[in-house]
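First comes the structure, then the notes that go with it.
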Amino acid sequence: MEFLIEVLWASLLVGVPIGLFTLALVWWALQGGHLKESANTNALVREMKAMSMSDKKKKKKDASWQKENLHPLQKKWARFGGGFYGIVAFFTYIVVEMLEVIDTITHLGGFVDFIKHLNLDVIIRMLVQALMNFITAIIWPVYWMKRIETDQVWVWFVMAYAGYWFGLKLAQALIQRRKKASD
0 MEFLIEVLWA
10 SLLVGVPIGL
20 FTLALVWWAL
30 QGGHLKESAN
40 TNALVREMKA
50 MSMSDKKKKK
60 KDASWQKENL
70 HPLQKKWARF
80 GGGFYGIVAF
90 FTYIVVEMLE
100 VIDTITHLGG
110 FVDFIKHLNL
120 DVIIRMLVQA
130 LMNFITAIIW
140 PVYWMKRIET
150 DQVWVWFVMA
160 YAGYWFGLKL
170 AQALIQRRKK
180 ASD
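Okay, so the sequence shown: first residue is 0 according to numbering that gives the first Met the number 0, each after it adds one.
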């Protein structure tokens, strides 16, 4: 029974958010033409990983997207690696950044006091913290293992991957359905 409860919690707290985040990112990239529409999930995953390659490594002439045309959020996603690891790293970065901003605003006494205290020192501290949060996001397994209080951490990682996979599949299905409806 404990195992089923663990699976349920992991599904709700990790699987669903990662699935929705994956759906949003991949649908957006497919919709914008930054990724090729592909019924083959493996091909789509390879293409997402190719997003993160540097311009020097990316000499493919058949690339369906241009890094310069990506939205800044898509560029950030590409910096994290594009695939499962990249999506969870980007998700972790957003979570950590939001918590950091909320903590900073709360610590300074609210939004109005935050604006009053906003100076070069605060901005520099926030930029340094953003860099530290980037590093935290890159090593996201360590970050999340410290926060998950369970003996079955692997269940949480499996649910995160399941959410990612379902998000990919749903994004593909939505794009294909839209394409069929427009034909």
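Backbone N, C-alpha and C fix where the C-beta goes; we use that ideal spot for every residue, glycine too.
- In the same chain as residue 116, and ignoring 5 residues on each side of it, the C-beta atoms closer than 6 Å to its own belong to 107, in chain order.
- Boundaries of the alpha helix (DSSP H) harbouring residue 112: 110 to 116, taken from the DSSP string.
- Secondary structure of residue 5 (DSSP, three-state): helix.
- Per the coordinates, the alpha-carbon of residue 23 lies some 11 Å from the alpha-carbon of residue 86.
- In its chain, beyond the 5 residues on either side, 17, 18, 21, 83, 86, 87 have a beta carbon closer than 8 Å to the beta carbon of residue 163.
- Counting of Cβ neighbours within 10 angstroms places residue 43 among the buried residues, the total reaching 16 or more.
- Residue range 15 to 30 is occupied by the alpha helix (DSSP H) that includes residue 30.
- Inter-residue distance for residue 3 and residue 119 is about 50 Å (C-alpha atoms, whole angstroms).
- Nearest C-alpha to residue 156 among 13, 0, 7: 13.
- With a threshold of 16 other beta carbon atoms within 10 Å, residue 105 falls short and is exposed.
- With respect to the 9 Å criterion, residue 170 and residue 10 are not classified as neighbours on the basis of their beta carbons.
- Ranking 102, 139, 173 by CA distance to the CA of residue 159 puts 139 first.
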